[in-house]
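>
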Amino acid sequence: MSPFIRAHILVCSGAGCVSSGCHEVYDSLMHALENEGILSEVKVIKTGCIGSCDLGPTVLIYPDGTFYQKVKPEDAKEIVEEHIVKGRPVARLFPRQAEGEPCKNVSSLNFFKKQVKVVLRNCGVIDPENIYEYVARDGYEALARVLTDMTPKDVIDTIKQAGLRGRGGAGFPTGLKWEFAQRVSSDEKYVVCNADEGDPGAFMDRSVLEGDPHSIVEAMTIAGYAIGASQGYIYVRAEYPLAVSRLTHAIEEAHKFGVLGENLFGSGFSFDLDIRVGAGAFVCGEETALLASMEGKRGMPRPRPPFPANEGLFRKPTLINNVETYANIAPIILKGADWFKSIGTEKSPGTKVFALAGKINNTGLVEVPMGTTLREIVYEIGGGIPGGKAFKAAQTGGPSGGCIPESLLDISMEYDTLTKAGAMMGSGGLIIMDEDTCMVDIAKFFLQFTQDESCGKCVPCREGTKVMLDILTRITEGKGQPGDIETLESLGNTIKNTALCGLGQTAPNPVLSSIRYFRDEYEAHIDEKRCPGGVCKDLVRYEIDAEKCRGCSLCAKACPVQAIYPVAGEAALADASGGEGAHKPKRRTYEIDNSKCQKCGECMSVCRFDAVSRR
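Under the working numbering, read the sequence shown as residues 35 to 649, first letter to last.
As C-alpha cells, then:
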C-alpha cells in the first residue's frame, strides 16, 4: 500500500527558474523533509514553467495552493518545519500584489486571475519527465479516441470546425492546412513541428516543450494519422538544451508505453518521431528554410508554390505547425469544436500565449482568451509599468511585428485587429515600453536583428534592410536629413511587396509602424537633433539643476572625463544694514561641460538629490 501523501510541493523548473537556482531549492527541500522523517509523506515535483518568471524560483504547495516567491535554498528548512509540519505558511515569502498586499494563494494573484490555460494546461502542474502524470491529466486519451473511434476526415473536420488558426504568426486556418496535406497522394508524408522560436524576448514554445513535451508528441501523432504520415520531426534550436532533453525523454517514454511506434492502440497505424536540432538561425523559422536546414542544406527560403503540403521535406508532402498550434489539438479532440469556439472571438477562437517582457512589473508567460485587450494584459495581469511611469507602446510580433501606441491600449488582441493596426500577432512576444523608450532606437534594434539574420538570398531584404538601417543609424546619431522619413516609408513598402519570404516581407514593420504612430519622435531627431526619450547617446544632454544641487561633489568625483566643475550658486541677499546675512558665502553648485561629456550617465546614477537630468 502506497504511503499517505500529506502534501505536494511543486518546484518550478522552467529555464528561468533553473538559472536562478531552483535545483538547489529542490535539493534543500528534500534534505529538510528527510531530516524531519516525512520524506515518504510529501511528494516534491519538478515542474515546467508556472509563468511568473520574475518571481522565481517559485514553490507551490498543495492541497492549499500556497505560493512562495524568490525561494532560496536556506528557506527550505523553514518551509518544511513551519508549513508542512506545523501548518503555518511562511508569510514573508508570499508575493505581493501591485497594491502592496501579500497574497498567499496562487488563484488570488492578479497575474493568474484572468488567464485561461489551454496550451499551458499542464505547465507548472506536472512533472514533464513522468508520463504517468501526463496520463493522469487525460494525456493520450485524445490519441486513443482518434485511433479507435475517428477517421482521418473526422479529425480534420473537427479541427476545421474549431476554427483553430496557426499560432506561428500568420494565423492560417490549421484544419485547412491539414486537409491540403491529406489530399495529396504520396507513398510517404511527414509531420514537422516548428520549434525554432527566434523572436527576441519570446519563450512560449520553449516553455511548452520544457513543461509539457508529451502534449506535442500526442498532437503530432494525431496529425500523422489525419494526413497519412508515419514519421514526424521536431525542429528545435540548440539554444534550448532543457527542451531537447525533456523532449528526448518524452519520446523514449512514449515508445516504452506503446503510444509511439508500431500498431498504436491495435489500430494498425504506426508513427515515430525524431528531433532535429537547428543552429538558431532566425530565418529557419520560415517553413521552406526550416525544411532546407533539416535536409542538411543552408537554411534559405525558396519561392512558393510548391507549398510544403505538396512538396516539402525530401520533396514529399509535409505538414508544418508550430508548438503552440499542436498544443491545442488534444483539448479540441477531447472537448469538441464548440467548446474551443466558446473561448476567444468569432474570427480568432481559443487562447493565445504571450511572453510578457520589457518595462512591466509582472514579466512571464501569459495565456489569455483571444480578444483580451492590451490594457487588461498590461495593467491587470502585468501589474502596470514600474515606477509609476507612463505606458508608451507595446511591440507585438517581434522583429516581424509592429508597435501599438497608448491610444490603442484598448485594442482587442486578435489576428485581424492587430493586422489592421499595423502590427501582427506573431508567435506571441509582447514587449512593453515606457515613457523613457526611444521609438527610433527600438525600430533600429529590430531592424538590426532582421538585417543580421537575413539569409541574403533576395536583394530587397539583403540590400533594402541595410539601407534602412543606415538611415536609422544616421538619425540616432544626430545626422538625420529632411526626407529620411519618406525614404524609410518608400523603402519599407517596396521590401514588403518584393522580398522572397516572410522574414523580408515583415522586416520593415517595426519601422513603418513606429513612423505611423510616433512620427514626431523621428522629426525631433532629424529637425531638432533631440531624442525625446533621452536614449540616443549622441543627442543626449545631461544637466544639473542648481536649485536641487547641494554641492556634495559626488557627480564630479564619478565623472570619468572631468566634465563636471564647481560654480558659485546664487548669493545670499546681504542685509542692507550690514546685518547677519551680509557676509554669508555663496552656495557652491556644479555644472556639466557637454563638450567633454561622454554621456555615460554616472553623474545621474550617483546623485542623491535628483539634481541631474537627461534631456
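Note that the Cβ used here is the ideal one computed from N, Cα and C, for glycine as well.
#1: Measure the C-alpha to C-alpha separation of G48 and G82 and round it to an integer number of angstroms.
#2: Please confirm if the segment 305-313 is in contact with the segment 264-278, defined as three or more CB-CB distances below 8 Å between the two stretches.
#3: Let me check understanding here. Comparing Cα to Cα, which of I529, K530, P123, K633 lies closest to G568?
#4: Below 8 Å on the Cβ atoms is my guess for G436 versus S547; work out the distance and round it to an integer in Å.
#5: For the candidate residues L390, R126, S264, G422, whose alpha-carbon lies nearest to that of P351?
#6: Indicate whether the contact test is met: 3 or more Cβ pairs, each with one atom in the segment 99-109 and one in the segment 71-81, closer than 8 Å.
#7: For the beta strand (DSSP E) that R508 lies in, which residues bound it at each end?
#8: Pull up the distance between the alpha-carbon of Y556 and that of V574, whole angstroms please.
#9: Could you give the DSSP three-state label for K187: helix, strand or coil?
#10: When the Cα atoms are used, what is the spatial distance from R564 to G512?
#11: With DSSP collapsed to three states, give me the class of S441.
#12: DSSP three-state label for E273, please.
#13: Since M467 sits in a beta bridge, which residues does DSSP pair it with?
#14: Tell me which same chain residues have a C-beta within less than 7 Å of the C-beta of S220, skipping the five on either side of it?
#15: Compute the Euclidean distance between the alpha carbons of M638 and F425, then round it to the nearest angstrom.
#16: Do W212 and I261 have their beta-carbon atoms positioned less than 7 Å apart in this structure?
#17: State the Cα-Cα distance for the pair A455 and A477, rounded to the nearest angstrom.
#18: Let's test the definition: count the other Cβ atoms within 10 Å of the Cβ of K223 and tell me whether it reaches 16, buried, or not, exposed.
#19: So the candidates are I519, S249, P335, L276; which of them puts its Cα closest to the Cα of V293?
#20: For A645, which three-state DSSP category applies?
#21: Just the C-alpha distance for M473 and S301, rounded to the nearest angstrom, thanks.
#22: The beta strand (DSSP E) spanning R310 covers which residue range?
#23: With a Cβ-Cβ cutoff of 7 Å, do G462 and V412 count as a contact?
#24: In its own chain, which residues sit with a C-beta less than 7 Å from the C-beta of E614, not counting the 5 before and 5 after it?
#25: Hey, K393 and I466: beta-carbon distance below 7 Å or not?
#26: Between C87 and the rest of its own chain, which residues show a CB-CB distance below 6 Å, the 5 nearest in sequence each way excluded?
#27: Just verifying my parser: in three-state terms, what is the DSSP assignment at P136?
#28: In its own chain, which residues sit with a C-beta less than 7 Å from the C-beta of V640, not counting the 5 before and 5 after it?
#29: Using a Cβ-Cβ cut-off of 8 Å (strictly less than) and excluding sequence neighbours within five positions of T507, which residues of its own chain qualify?
#30: Whole angstroms are fine: how far does the CA of N628 sit from the CA of P566?
#31: If you compare alpha carbons, which of I43, N344, E75 is closest to R217?
#32: Tell me which same chain residues have a C-beta within less than 7 Å of the C-beta of V357, skipping the five on either side of it?
#33: Ends of the alpha helix (DSSP H) at T359?
#34: Quick one: measure Cβ to Cβ for L368 and D191, integer angstroms, because I've assumed they're closer than 8 Å.
#35: Please state the DSSP three-state secondary structure of L73.
#36: Look at the alpha carbon of G432 and the alpha carbon of M459, and state the distance between them as a whole number of angstroms.
In short:
#1: 5 Å
#2: yes
#3: K633
#4: 3 Å
#5: S264
#6: no
#7: Per DSSP, R508 belongs to no beta strand (DSSP E); it is in the alpha helix (DSSP H), 499-510.
#8: 15 Å
#9: helix
#10: 8 Å
#11: helix
#12: coil
#13: A427
#14: K350, P351
#15: 23 Å
#16: yes
#17: 17 Å
#18: buried
#19: S249
#20: coil
#21: 57 Å
#22: 306-312
#23: no
#24: Low confidence applies to E614: its pLDDT is 49, below 50, so where it sits in the model is not reliable, and the reading given next is rough at best. If we look at E614 and ignore the five residues flanking it on each side, it has no Cβ neighbours.
#25: yes
#26: G50, T397, G398
#27: strand
#28: L588, C589, A592
#29: K478
#30: 18 Å
#31: N344
#32: C227, A229, D239, V242, L243, I250
#33: 357-361
#34: Wrong, their Cβ atoms sit about 16 Å apart, outside the cutoff.
#35: helix
#36: 9 Å
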